[in-house]
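Just below is one structure, and these are the notes that go with it.
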Amino acid sequence: MFVLVAFLSGADSGKAAARKESGMRFHTWYMINCEEESTWPADFKGIKAIGFDCVTLWNVIPAEGGWWDLTEIVRNVPMTKRAIQAAHDAGLKVFLGIWNPTNMGLVEQRHRPLTNKGATPNRPNFYSETWQREFWVPFLEGVKREFGPCPGYTGIVFDDATACSDDASIIYSYTPEDEKRYSDFLEKSYGSIASFNLQYRRNANPYQSFAEIKPPQSPVESAKAWKDWMLARGEWSRVFAALTRKSIGREAEIIYIDYDYYLDRSYLTFGHNTAKMVESFDRFGPYIAQEFLRMPEADLLTHIKRVIAGEKEVCPPQKLHFCTWVNGLYKFEPMPKELVRKVVSTIAGEGIHDITLYAYKVHDWRPKGPGRGGKLNRPPLKEISFKYNPQMVAALTEVIAESRAR
Numbered sequence: 079m080f081v082l083v084a085f086l087s088g089a090d091s092g093k094a095a096a097r098k099e100s101g102m103r104f105h106t107w108y109m110i111n112c113e114e115e116s117t118w119p120a121d122f123k124g125i126k127a128i129g130f131d132c133v134t135l136w137n138v139i140p141a142e143g144g145w146w147d148l149t150e151i152v153r154n155v156p157m158t159k160r161a162i163q164a165a166h167d168a169g170l171k172v173f174l175g176i177w178n179p180t181n182m183g184l185v186e187q188r189h190r191p192l193t194n195k196g197a198t199p200n201r202p203n204f205y206s207e208t209w210q211r212e213f214w215v216p217f218l219e220g221v222k223r224e225f226g227p228c229p230g231y232t233g234i235v236f237d238d239a240t241a242c243s244d245d246a247s248i249i250y251s252y253t254p255e256d257e258k259r260y261s262d263f264l265e266k267s268y269g270s271i272a273s274f275n276l277q278y279r280r281n282a283n284p285y286q287s288f289a290e291i292k293p294p295q296s297p298v299e300s301a302k303a304w305k306d307w308m309l310a311r312g313e314w315s316r317v318f319a320a321l322t323r324k325s326i327g328r329e330a331e332i333i334y335i336d337y338d339y340y341l342d343r344s345y346l347t348f349g350h351n352t353a354k355m356v357e358s359f360d361r362f363g364p365y366i367a368q369e370f371l372r373m374p375e376a377d378l379l380t381h382i383k384r385v386i387a388g389e390k391e392v393c394p395p396q397k398l399h400f401c402t403w404v405n406g407l408y409k410f411e412p413m414p415k416e417l418v419r420k421v422v423s424t425i426a427g428e429g430i431h432d433i434t435l436y437a438y439k440v441h442d443w444r445p446k447g448p449g450r451g452g453k454l455n456r457p458p459l460k461e462i463s464f465k466y467n468p469q470m471v472a473a474l475t476e477v478i479a480e481s482r483a484r
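Count the sequence shown with the working numbering and you get residues 79 to 484, in order.
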């Protein structure tokens, strides 16, 4: 398997001078337990030679519960530390990658969300204060404690770290803890149950206490109730981001990427308040779904501009970066160099100097059949090769050099 992901991202505070020199930083991703450790030094030197400044390290575990498992980063501390050192020796800064929320190992039943359809998927309930207290905070503090002192360690990359589902009709979460937190939010917002009943026009059938009120499971139930539910979740996402920042430490850089529709159109749809989360994170960036890369060239470039315009409504431009694949979901041929150049140029032309480019080639391990459901056809770990596609190496080396020269 060939994987190549490139970030062009600016840094804050002490890193500002470096940003002014070239206008950007380039990052790539590397799966440390899918290559023999003896190859790491040469691989990292090769990454540096392409023009990258940073590398995001992942551990991959092809087992039930997650393909890219964040718990592996801490579970195998010695290996991760050796990889950080090898990357640092090659002149690279290092991020640790966390793919949330569906790839976090087996989640205890009590920490799982309850969907509006009655399911309890194998993922954490991000809005659960119990889960945050018992797992999330200790995990991040462990990352800070173990890897913070390592030369080259720069921060963490969150990928898909939302409390949202891939299916917009599935809403998280309706556990007793969530319902209690929602009741508390309403009481704080309305002050008294009498005021709530008045504003909801419940004269004929008033609530006697906030504890009686359950969150809506669909926007068609009540537009006003749905707005309150989304406002509550938006506030919880802000609290989650602030807690994440506090736990990982101010000195660590946090890069957050997610589907564009979760970031710019999610406030009253998914309750995912990007504008508030931005306050705690250093970088926010959308990535467009792979299917968009099958568009005609002109449509793809127009779509990129449209996505960026939406992101600018919720995030300061200086914090934005953009992430896109440069090959299709089922077509693993590299994107032609000229199109890579146009994509990068289009994004940079919109004032964004933080750009993520995915390019990988792999046998068909995606779910079979229509849609996104079904089990992954995972190959044995040792059959996976994460060496770079030569065509993409050549194309990105040239494009990176051109971008630095602008």
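Think of the CB as a built atom: it goes at the ideal place given N, C-alpha and C, for glycine as much as any other residue.
Residue from 377, 262 and 170 whose Cα sits closest to the Cα of residue 293: Numbered from 1 along the sequence shown, position 215 holds the residue referred to as residue 293. When only C-alpha atoms are compared, the closest one is 262.
Nearest-angstrom Cα separation, counted from residue 249 out to residue 469: Indexing the sequence shown from 1 puts residue 469 at position 391. Indexing the sequence shown from 1 puts residue 249 at position 171. Going by the C-alpha atoms only, they are around 41 Å apart.
Beta-carbon proximity of residue 162 to residue 230, cut-off 9 Å: Here residue 162 refers to the residue found at position 84 when the sequence shown is read from its first residue. Here residue 230 refers to the residue found at position 152 when the sequence shown is read from its first residue. Cβ atoms of residue 162 and residue 230: closer than 9 Å.
Helix, strand or coil at residue 113 [DSSP, three-state]: What you label residue 113 is simply residue 35 of the sequence shown in a count that begins at 1. Correct three-state label for residue 113: coil.
Residue 335 - partner residues in DSSP beta bridges: The count along the sequence shown starts at 1 and reaches residue 335 at position 257. Paired residue(s): 237 and 363.
Residue range of the alpha helix (DSSP H) that includes residue 218: Within the sequence shown, residue 218 is the residue found at index 140, counting from 1. Counting along the chain, the alpha helix (DSSP H) containing residue 218 begins and ends at 215-225.
Contact set for residue 175: own chain, Cβ-Cβ below 6 Å, skip 5 residues either direction: Position 97 of the sequence shown, counting from 1, holds the residue named residue 175. If we look at residue 175 and ignore the five residues flanking it on each side, its Cβ neighbours are 134, 136 and 235.
Between the CA atoms of residue 270 and residue 281 - distance to the nearest angstrom: In the sequence shown, counting from the first residue as 1, residue 281 sits at position 203. In the sequence shown, counting from the first residue as 1, residue 270 sits at position 192. The alpha-carbon atoms of residue 281 and residue 270 are separated by roughly 15 Å.
Boundaries of the alpha helix (DSSP H) in which residue 170 is found, first to last residue: Counted from its first residue, the sequence shown places residue 170 at position 92. According to the DSSP assignment, residue 170 belongs to no alpha helix (DSSP H), since it is labelled neither H nor E.
Cut-off 6 Å between Cβ atoms - residues of its own chain near residue 218, not counting five sequence neighbours on either side: By 1-based counting over the sequence shown, the position of residue 218 is 140. 325 and 326, listed in sequence order.
Nearest-angstrom Cα separation, counted from residue 384 out to residue 202: Here residue 202 corresponds to residue number 124 of the sequence shown, with the count starting at 1. Here residue 384 corresponds to residue number 306 of the sequence shown, with the count starting at 1. Each residue's alpha carbon lies about 32 Å from the other.
Range of the contiguous alpha helix (DSSP H) that encloses residue 274: One-based indexing of the sequence shown puts residue 274 at position 196. Residue 274 -> alpha helix (DSSP H) spans 271-277.
Contacting residues, own chain, Cβ-Cβ under 8 Å from residue 477 (five flanking each side not counted): Position 399 of the sequence shown, counted from the first residue, corresponds to residue 477. The residues are 415, 418, 419 and 422.
Extent of the continuous beta strand (DSSP E) to which residue 492 belongs: Residue coverage of the chain in this structure runs from 79 to 484, which leaves residue 492 outside it and unanswerable.
For residue 310 and residue 260, believed in contact at Cβ under 8 Å, the rounded distance: Against the sequence shown, residue 260 aligns to sequence position 182. Against the sequence shown, residue 310 aligns to sequence position 232. 5 Å between Cβ atoms; contact.
Beta-carbon gap between residue 353 and residue 393 smaller than 9 Å: In the sequence shown, the residue the question calls residue 353 occupies position 275. In the sequence shown, the residue the question calls residue 393 occupies position 315. Cβ atoms of residue 353 and residue 393: closer than 9 Å.
Distance, residue 187 Cα to residue 200 Cα: Mapped onto the sequence shown, residue 200 falls at position 122. Mapped onto the sequence shown, residue 187 falls at position 109. Roughly 8 Å between the two C-alpha positions.
Sheet register partners of residue 231 (DSSP bridge): What you label residue 231 is simply residue 153 of the sequence shown in a count that begins at 1. According to DSSP, residue 231 bridges with 172.
Assigned exposure category for residue 483 - 16 Cβ within 10 Å defines buried: For the purposes of this step, residue 483 is taken as residue 405 along the sequence shown, with counting starting at 1. Burial call: exposed.
With 16 other Cβ atoms within 10 Å as the buried cut-off, status of residue 364: Here residue 364 corresponds to residue number 286 of the sequence shown, with the count starting at 1. The residue in question, residue 364, is buried, as its Cβ has 16 or more Cβ neighbours within 10 Å.
Range covered by the alpha helix (DSSP H) that runs through residue 189: Looking up residue 189 in the sequence shown gives position 111. Per DSSP, residue 189 is not a residue of any alpha helix (DSSP H), being assigned neither H nor E.
At least 3 beta-carbon pairs within less than 8 Å: the stretch 153-172 vs the stretch 112-131: Yes: the two stretches touch, three or more of their Cβ pairs being nearer than 8 Å.
Three-way DSSP call (helix, strand, coil) for residue 352 in this model: Locating residue 352 in the sequence shown gives position 274, counting from the first residue. Note: residue 352 maps to helix in three-state DSSP.
Beta-carbon proximity list for residue 471, same chain, < 7 Å, skipping 5 on both sides: Here residue 471 is taken as the residue at index 393 of the sequence shown, counted from 1. Same-chain partners within the cutoff: 128.
Test item: CB-CB of residue 277 and residue 302 under 9 Å: For this step, residue 277 is matched to residue 199 along the sequence shown. For this step, residue 302 is matched to residue 224 along the sequence shown. Closer than 9 Å, so yes.
Other residues of its chain near residue 224: CB distance less than 6 Å, five sequence neighbours each side excluded: Locating residue 224 in the sequence shown gives position 146, counting from the first residue. The residues are 155.
Cut-off 6 Å between Cβ atoms - residues of its own chain near residue 274, not counting five sequence neighbours on either side: Sequence index remark: in the sequence shown, residue 274 carries index 196 (1-based). Same-chain partners within the cutoff: 268.
Backbone CA spacing between residue 258 and residue 290 [nearest angstrom]: The sequence position of residue 258 within the sequence shown is 180, counting from 1. The sequence position of residue 290 within the sequence shown is 212, counting from 1. Rounded to the nearest angstrom, the two C-alpha atoms are 10 Å apart.
Between the CA atoms of residue 435 and residue 362 - distance to the nearest angstrom: Residue 362 sits at position 284 when you count from the first residue of the sequence shown. Residue 435 sits at position 357 when you count from the first residue of the sequence shown. Each residue's Cα considered, the two are about 15 Å apart.
Outcome for residue 116 when other beta-carbon atoms lying within 10 angstroms are tallied against a minimum of 16: Here residue 116 refers to the residue found at position 38 of the sequence shown. So residue 116 ends up on the exposed side.
Within 9 Å, strictly: CB atoms of residue 320 and residue 226: Position 242 of the sequence shown, counted from the start, is the residue given in the question as residue 320. Position 148 of the sequence shown, counted from the start, is the residue given in the question as residue 226. Not closer than 9 Å, so no.
Nearest-angstrom Cα separation, counted from residue 337 out to residue 403: Counted from its first residue, the sequence shown places residue 403 at position 325. Counted from its first residue, the sequence shown places residue 337 at position 259. Rounded to the nearest angstrom, the two C-alpha atoms are 12 Å apart.
Where residue 395 falls, given that 16 or more other Cβ within 10 Å makes a residue buried: Here residue 395 refers to the residue found at position 317 of the sequence shown. Exposed is the call here.
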